[in-house]
Amino acid sequence: MSGKEVRVLVVEDEAQLARALSINLRARHYAVDLAADGRSALELAARAHPDVVVLDLGLPDLDGIEVIRGLRGWTRMPIIVLSARHSSTEKVRALDAGADDYVTKPFGMDELLARLRAAVRRSQPGGAGAPVITTPTFTVDLAAKRVIRDGADVRLTPTEWHLLETLVREPHHLVGQRQLLQEVWGPGYTTETNYLRVYIAQLRRKLEPDPAHPRHLITEPGMGYRFEP
Numbered sequence: 001m002s003g004k005e006v007r008v009l010v011v012e013d014e015a016q017l018a019r020a021l022s023i024n025l026r027a028r029h030y031a032v033d034l035a036a037d038g039r040s041a042l043e044l045a046a047r048a049h050p051d052v053v054v055l056d057l058g059l060p061d062l063d064g065i066e067v068i069r070g071l072r073g074w075t076r077m078p079i080i081v082l083s084a085r086h087s088s089t090e091k092v093r094a095l096d097a098g099a100d101d102y103v104t105k106p107f108g109m110d111e112l113l114a115r116l117r118a119a120v121r122r123s124q125p126g127g128a129g130a131p132v133i134t135t136p137t138f139t140v141d142l143a144a145k146r147v148i149r150d151g152a153d154v155r156l157t158p159t160e161w162h163l164l165e166t167l168v169r170e171p172h173h174l175v176g177q178r179q180l181l182q183e184v185w186g187p188g189y190t191t192e193t194n195y196l197r198v199y200i201a202q203l204r205r206k207l208e209p210d211p212a213h214p215r216h217l218i219t220e221p222g223m224g225y226r227f228e229p
């Protein structure tokens, strides 16, 4: 990114890994803050206002999920979970709590850096020229990252927002399952089609006039999904 230096808060209690992350990030001109436990992470985030958080779930004081919820109480900064927990249940818990991405240990540094760049890119304002998409039921403002229904903001998790944004940017077009999974969850998740079913169902409950008979978020069985304004 040009202009402002990107500040990363790394929350990791394993000193060797924290040091390796710090060295790799600083070598690529990121500013880095380190926290070894959850309480320090929350205090440092409030003080330093990082652009993105890289968070281990297995912390000595707080569970990483509590840290995510603590951050989501006041900020929408991207959160990338870095965890040895591989189960789908743990991934869904973290994403539902407000994490933007989930990388399992052991991981490749290049992949983590790519996820970091993507998270920061997605978090940047779309600018005044970003489109506003209007349907008879709700309005999506891509620049402001807002969804409005019946005159009120619809509260979406970061994952729900990324999924909706990906679909509304290509109205009337089929977006394949693999493409959606890669865009929203990353290249390691291209077979996790159950994620799509769960999150599309959540979006329909929040946005569709009749979630059982959707008008806007259409399933193409076995292929993907389509947004119809």
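The sequence shown maps to residues 1 to 229 in UniProt numbering.
Positions of the beta carbon are idealized from the N, C-alpha and C atoms, including for glycine.
Residues in its own chain within less than 6 Å of residue i by CB, not counting five upstream and five downstream?
i, result
"Thr193", "Gln177"
"Gly224", "Leu174, Val175, Gly176, Gln177"
"Leu21", "Val10"
"Leu42", "Gly70"
"His86", "Thr104"
Between the options, which has its C-alpha nearest residue i's C-alpha?
i, options, result
"Ala35", "Val53, Val11, Ala99, Pro50", "Val11"
"Asp61", "Val147, Asp13, Leu142", "Asp13"
"Asp110", "Arg28, Pro136, Gly222", "Arg28"
"Glu5", "Leu44, Tyr199, Leu142, Asp51", "Asp51"
"Ala99", "Phe107, Arg85, Val67, Ser87", "Val67"
"Ala143", "Thr89, Leu207, Pro187, Ser123", "Ser123"
"Thr159", "Gly58, Phe138, Thr137, Gly186", "Gly186"
"Lys145", "Pro136, Thr137, Gly151, Val132", "Val132"
"Val140", "His216, Asp101, Ala15, Ala46", "His216"
"His162", "Val147, Leu59, His172, His213", "Val147"
"Ala201", "Ile218, Tyr30, Thr191", "Ile218"
"Gly58", "Arg149, Ala45, Asp37, Trp74", "Asp37"
"Glu228", "Leu44, His172, Thr137", "His172"
"Glu220", "Ser88, Thr134, Thr135, Leu196", "Leu196"
"Gly222", "Thr191, Arg72, Asp210, Gly73", "Thr191"
"Arg149", "Pro209, Thr157, Leu44, Gly188", "Pro209"
"Ala46", "Ile23, Gly73, Tyr30", "Gly73"
Excluding the 5 residues preceding and the 5 following residue i in the sequence, name in chain order all residues of the same chain whose CB lies nearer than 7 Å to its CB.
i, result
"Thr166", "Val175, Leu180, Glu183, Val184"
"Leu25", "Val8, Val32"
"Asp56", "Val11, Glu12, Asp13, Gly64, Leu82, Ser83"
"Arg39", "Asp61, Leu62"
"Leu17", "none"
"Lys105", "Leu82, Ser83, Ala84"
"Val168", "Ile133, Val140, Phe227"
"Thr157", "Asp96, Gly98"
Checking the sheet assignment: what are the DSSP bridge partners for residue i?
i, result
"Thr134", "Thr139"
"Ala35", "Val11"
"Thr104", "Ser83"
"Gly224", "Gly176, Glu220"
"Leu55", "Val11, Val81"
"Ile68", "Beta-bridge pairing links Ile68 to no other residue."
"Ile200", "Answer is none; Ile200 lacks a bridge partner."
"residue 235", "Residue 235 lies beyond the stretch modelled for the chain, which goes from 1 to 229, so this question has no answer here."
"Ala119", "None, per the DSSP bridge assignment."
"Asp63", "Gly58"
"Ala152", "Arg149"
Leaving out the 5 sequence neighbours to the left and right, which residues in its chain are closer than 8 Å to residue i when beta-carbon positions are compared?
i, result
"Ala48", "Arg7, Leu9, Asp33"
"Val198", "Val92"
"Ile80", "Val52, Val53, Val54, Leu55, Ala99, Asp100, Asp101, Tyr102, Val103, Leu112, Arg115, Leu116, Ala119"
"Pro211", "Ala201, Arg204, Arg205"
"Ala128", "Residue confidence for Ala128 is low, a pLDDT of 40 falling below 50, so the modelled location carries little weight and cannot support an answer."
"His213", "none"
Do residue i and the ligand MN come close, with the Cβ less than 8 Å from some heavy atom?
i, result
"Pro131", "The model depicted lacks the ligand MN and carries no ligand whatsoever."
*Are the region 83-96 and the region 113-123 touching by the rule of at least three beta carbon pairs closer than 8 Å?*
A contact is defined here as three or more CB-CB pairs under 8 Å, and the region 83-96 fails this definition with respect to the region 113-123.
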